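2 protein chains.
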Amino acid sequence: MADAGSGAVGIVMFAHGARDPRWAEPFLRIAEQVRAAAPGTPVELAYLDFMTPDLRGAIHRLVACGVERIRVVPLFFGPGGHLRTDVPNLIAEETAAHPRLVIELAPAAGEDPGVVAAIAAYCVRNGG
Amino acid sequence: MADAGSGAVGIVMFAHGARDPRWAEPFLRIAEQVRAAAPGTPVELAYLDFMTPDLRGAIHRLVACGVERIRVVPLFFGPGGHLRTDVPNLIAEETAAHPRLVIELAPAAGEDPGVVAAIAAYCVRNGG
Chain A
860 MADAGSGAVG IVMFAHGARD PRWAEPFLRI AEQVRAAAPG TPVELAYLDF MTPDLRGAIH
920 RLVACGVERI RVVPLFFGPG GHLRTDVPNL IAEETAAHPR LVIELAPAAG EDPGVVAAIA
980 AYCVRNGG
Chain B
860 MADAGSGAVG IVMFAHGARD PRWAEPFLRI AEQVRAAAPG TPVELAYLDF MTPDLRGAIH
920 RLVACGVERI RVVPLFFGPG GHLRTDVPNL IAEETAAHPR LVIELAPAAG EDPGVVAAIA
980 AYCVRNGG
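Chains as they are written, first to last, in our numbering: chain A, 860 to 987; chain B, 860 to 987.
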């Protein structure tokens, strides 16, 4: 991964994780598209459970790239307990461990109107 | 819900479920859009865990509408253990319980290129 330069922003795409490694396949495709669309931005995938890296590991990789601000984008459908409690707690730990780093949490992907519309369109196409 | 008529198709939008009821908010929005786009098709939400109705309950509702074929559209990101094992087992149980009903399982929403692209676009927009 290229050096991100001073003040650079990095993205952590943060997903739940699962026991079956094939569960991660869509996230690998999403990450590939994000990297293609934002070629100057370091992008890491991270998982809450079962898979690696975890949030800490992904943040360490971005810090090693010179990133000073990180946007954690949750690849979750809904704003449940993980996003209301677990993820903010993890971010608070990492913020304490990296005082110069700004870590921001975006809303869940499932709260985005474009994502909602795409899933609805998928349901309609597959409902016949 | 209107009577679906003879041979009609119904959709079950099937999500994981979570303890926090706010987790379901995106799915309610998605269901609203699907109903608006397919006004003649009975649409039910169902959950694997924590929330109601479960798959059985949603199928009973559709059968009561006169539906004879059901498309189960999994609102899951990846093809992990739930979709490879748990959901097919549930569908097999319901197929045995309703011999005249055809129940088909669509791929996970996260495997759809349109959904992948929408999530990637969301990440790019929220990564700056």
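By construction, the Cβ of each residue, glycine as well, lies at the ideal position given by its N, Cα and C atoms.
Note that the structure is predicted; figures quoted are calculated from it, not measured.
Proximal chain B residues relative to residue i, where beta-carbon distance stays under 7 angstroms
i, result
"A948 (chain A)", "The sequence given here has Asn at residue 948 (chain A), not Ala. Here the premise fails: no neighbours, minimum Cβ distance about 15 angstroms."
"R920 (chain A)", "In chain order: nothing, as chain B lies at least about 15 angstroms away."
"P885 (chain A)", "F936, G937, G969, E970 and V975"
"A897 (chain A)", "V983 and G986"
"A877 (chain A)", "G937, G939 and G940"
Whole-number beta carbon distance between residue j and residue i, since they are thought to touch under 8 angstroms
i, j, result
"A883 (chain A)", "G937 (chain B)", "6 angstroms"
"V991 (chain A)", "A897 (chain B)", "There is no way to answer for residue 991 (chain A), as the model of chain A reaches only from 860 to 987."
Chain B contact for residue i (CB, 8 angstroms cutoff)
i, result
"T954 (chain A)", "no"
"I962 (chain A)", "no"
"A923 (chain A)", "no"
"V926 (chain A)", "no"
"A965 (chain A)", "yes"
"R915 (chain A)", "no"
"G864 (chain A)", "Any answer about G864 (chain A) is weak, because its pLDDT of 44 lies below 50 and its placement is not dependable; what the coordinates show is given next. Not an interface residue."
Under 8 angstroms from the C-beta of residue i: neighbouring residues of chain B
i, result
"M872 (chain A)", "C982"
Residues near residue i in its chain [Cβ-Cβ closer than 6 angstroms; skip 5 each side]
i, result
"F873 (chain B)", "A905, V931 and P933"
"R909 (chain A)", "The question names Arg, yet the displayed sequence has Phe at residue 909 (chain A). Excluding residues within five positions, the ones whose Cβ falls inside 6 angstroms are G876, A877 and R878."
"P912 (chain A)", "A905"
"R928 (chain A)", "V868 and V961"
Chain A contact for residue i (CB, 8 angstroms cutoff)
i, result
"T900 (chain B)", "yes"
"R930 (chain B)", "yes"
Closer than 7 angstroms at the beta carbon, the chain A residues around residue i
i, result
"R959 (chain B)", "Neighbours of R959 (chain B) on chain A: none; closest Cβ ~19 angstroms, over 7 angstroms."
"D945 (chain B)", "Per Cβ cutoff of 7 angstroms: no residues; D945 (chain B) is ~11 angstroms from chain A at best."
"A979 (chain B)", "I889, Q892, V893 and A896"
Closest by C-alpha distance to residue i, when choosing among the options
i, options, result
"L921 (chain B)", "B:L960, B:A897 and B:R984", "B:L960"
"A977 (chain A)", "B:R881, B:R888 and B:G939", "B:R888"
"F935 (chain A)", "B:E891, B:P898 and B:V975", "B:V975"
"P885 (chain A)", "B:N948, B:R894 and B:G973", "B:G973"
"A967 (chain A)", "A:A955, A:R894 and A:R943", "A:R943"
"G939 (chain A)", "A:A956, A:E970 and A:A955", "A:E970"
"V871 (chain A)", "A:P958, A:E891 and A:R881", "A:E891"
"R881 (chain B)", "A:G899, A:H941 and A:E903", "A:H941"
Cβ neighbours of residue i in the same chain (closer than 8 angstroms, five flanking residues each side left out)
i, result
"I950 (chain A)", "L914, V931, I962 and L964"
"H957 (chain A)", "I918 and V922"
Chain-order list of residues whose beta-carbon lies under 7 angstroms from that of residue i (same chain, five-residue window excluded)
i, result
"D945 (chain A)", "L907"
"I953 (chain A)", "Note on residue identity: the sequence assigns Glu, not Ile, to residue 953 (chain A). L914, R915, I918 and I962."
"P947 (chain A)", "L964"
Check: residue i C-beta below 7 angstroms from any heavy atom of the ligand FAD
i, result
"A897 (chain A)", "For the structure depicted, the ligand FAD is absent and the ligand set is empty, with no information on it obtainable."
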